[in-house]
Amino acid sequence: MGKRAVYSKIECLDRSEIRKIQLSHLKEQLARCCDFSPFYQQKFRACGFEKNDIEKLEDIKNLPFTYRHELQEDKSRIPPYGGLILPDKKKWAEAHPTTGTTGQQFYAVWTKDDVARITDFTTRMLFSVGVRPGDIIHNSFQYGLRMGGLSVQRVAEKLGCFVLPIGEGPIRTQIEFLVNFRPTVLIGYPTFAFNLAEKLRERGIEPGKLSLRIGCFGGEPGVQVPSTRSRLEQELGIKAYDIYGLVEIGPMIAAECEEQDGLHFAEDYHLVEVINPETLQPCLSDEVGVLVITDLTREAMPLIRYWTNDIVRLSYDRCACGRTHVKLKGGIIGRADDIIIYHGNKFYPAQVENILHRFEELGTEFKVILHPDKNTGMEYCTVKVECLHVGLGIDILEDKIKKELREELKVSVKVELVPFGSLERETLKTKRVLDYRNT
Ligand code: DLL
């Protein structure tokens, strides 16, 4: 056992034991898909796969990937749910719509046992960031159709915590709850946390006056950007932890431990691979590629080799916390569809964020705007960022930011400092990049 407490001893199993569990679950899962899912029956037939063809975990590489657009097409082909979902509706317990900005929405469905499994691995996640019985949780994840709020609620009940189910309540109420109920744990999107910190500052409420110990943030990039993490920690007086998930698979499927050195998966529930997007072959440990996930136990809507489009690096190194399950080293590096290609250079919005959040003179809101020049048709990239006090010395500050951005991005961009509060605030996931080049 390592030096940190763990929720379940399964989190510290040897790799050989984890692999044994995974292989047995994978065989059962593939048999389930072959039995009920027209979607997978057809996909497996197309690649000549039979349900007993898996002998070792590595054989998974012979199976096809499952892409988001296939799930969307499946729903259109077999309306209203698609052929991927367990047809016996009596076994369904919950359905949630997927998010995303492109293509049609589809549903993610869970049975009662699936929900119990989600609660089990989410409990591990919140325990690993340090949530304990008796904690007071300020839960700002939405309760409605998104799964995050409900999942945290279930975990809080299971761990014996007092929960403030505030969801997306108005900022005034959020602050009132923080002051009156003195929560110890804040859970939400990083965007929400920064909005909250701003409003607390405006009202003169110092972090020291709050009782928060832990911040657990996910659903969008933030905590893994070093300068963002340290700002969140300073502005709210917390230790900030990253948590990752996606509606298609599960709201929170990987979380940091108290070492803050990567996010552990629950490998007895999810088999994770990193795939080179060009060769479509598995990456070596530590190599950067696309995260691909296989549901090992889910009944209602098992996804096999689901192509998340999230760019990651995995680490199998033993973690100082004692957990042995694989980690996302450095969190989500970016999304394959978010990469900015500008004057032949490639960079992610998180790289811009890391530079900007180092400057104390700047607020936390920013936009990366790509636009063609009306006259020349040349393309430009402008980083618009809020400055806490616009006044003397602004040119020098702009130049300093430009220089640091050029060093990081390997390409020159324009910098425009705008007054604090002038950029639109979003309550959910903030869209950082506005690309007008092909419009
Ligand atoms: O955002 C589920 C979630 C809820 C995760 C609460 C964490 C906490 P979707 O709306 O389907 O699900 O969005 C999933 O968001 O593929 C990533 O691109 C991005 N994302 C999620 N967590 C992180 C994170 C929820 N910690 C998509 N860092 C994923 C960076 C993240 N990106």
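Here the sequence shown stands for residues 2 to 440, where the numbers follow the numbering used here. Beta carbons: idealized from backbone N, C-alpha and C, even for Gly.
query, result
"Residue burial classification, Asp243 (beta-carbon count within 10 angstroms, cutoff 16)", "buried"
"Supposed contact pair Lys430 and Gly220 - C-beta distance, whole angstroms, cut 8 Å", "6 Å"
"First through last residue of the alpha helix (DSSP H) which encompasses Thr325", "Run containing Thr325: none; DSSP gives neither H nor E here."
"Contact test: Pro98 Cβ vs the ligand DLL heavy atom, cutoff 6 Å", "no"
"Cys13 - DSSP class collapsed to helix/strand/coil", "helix"
"When Leu87, Val434, Cys34, Lys57 are compared against Thr67, the one with the closest alpha-carbon", "Cys34"
"Straight-line Cα distance separating Asp339 from Ala32", "36 Å"
"Of the residues Thr185, Asp311, Thr428, Phe40, the one placed nearest Pro134, counting alpha carbons only", "Thr185"
"Three-state secondary structure assigned by DSSP to Ala194", "helix"
"Helix, strand or coil at Ser316 [DSSP, three-state]", "strand"
"Nonlocal neighbours in the same chain, by C-beta distance under 7 Å from Leu393, ignoring five residues either side", "none"
"Extent of the continuous beta strand (DSSP E) to which Val164 belongs", "163 to 165"
"Expected contact under 8 Å - CB spacing of Ile188 and Phe142 to nearest Å", "6 Å"
"Opening and closing residue of the beta strand (DSSP E) in which Pro373 lies", "363 to 373"
"Presumed contact (8 Å Cβ cut-off) between Val132 and Leu160, rounded CB distance", "6 Å"
"C-beta atoms of Ala255 and Leu329 nearer than 7 Å", "yes"
"Burial state of Asn140, where buried means 16 or more other Cβ atoms lie within 10 Å", "buried"
"Extent of the continuous beta strand (DSSP E) to which Phe107 belongs", "First-last for Phe107: undefined, no H or E at that position."
"According to DSSP, residues forming a beta bridge with Cys388", "Leu363, Pro420"
"C-alpha distance - Gln42 paired with His372, whole-angstrom precision", "46 Å"
"Outcome for Met253 when other beta-carbon atoms lying within 10 angstroms are tallied against a minimum of 16", "buried"
"Residues near Met379 in its chain [Cβ-Cβ closer than 8 Å; skip 5 each side]", "Pro373"
"Whole-angstrom C-beta distance between Asn355 and Leu410, which should lie under 8 Å", "Actually they are not in contact, since the Cβ atoms of Leu410 and Asn355 sit about 11 Å apart, beyond 8 Å."
"Beta-carbon proximity list for Leu14, same chain, < 7 Å, skipping 5 on both sides", "Thr325"
"As assigned by DSSP and simplified to three states, the class of Arg426", "coil"
"Pro252 CB to nearest heavy atom of the ligand DLL below 6 Å", "yes"
"Rounded straight-line distance, which links the Cα of Val180 to that of Phe163", "15 Å"
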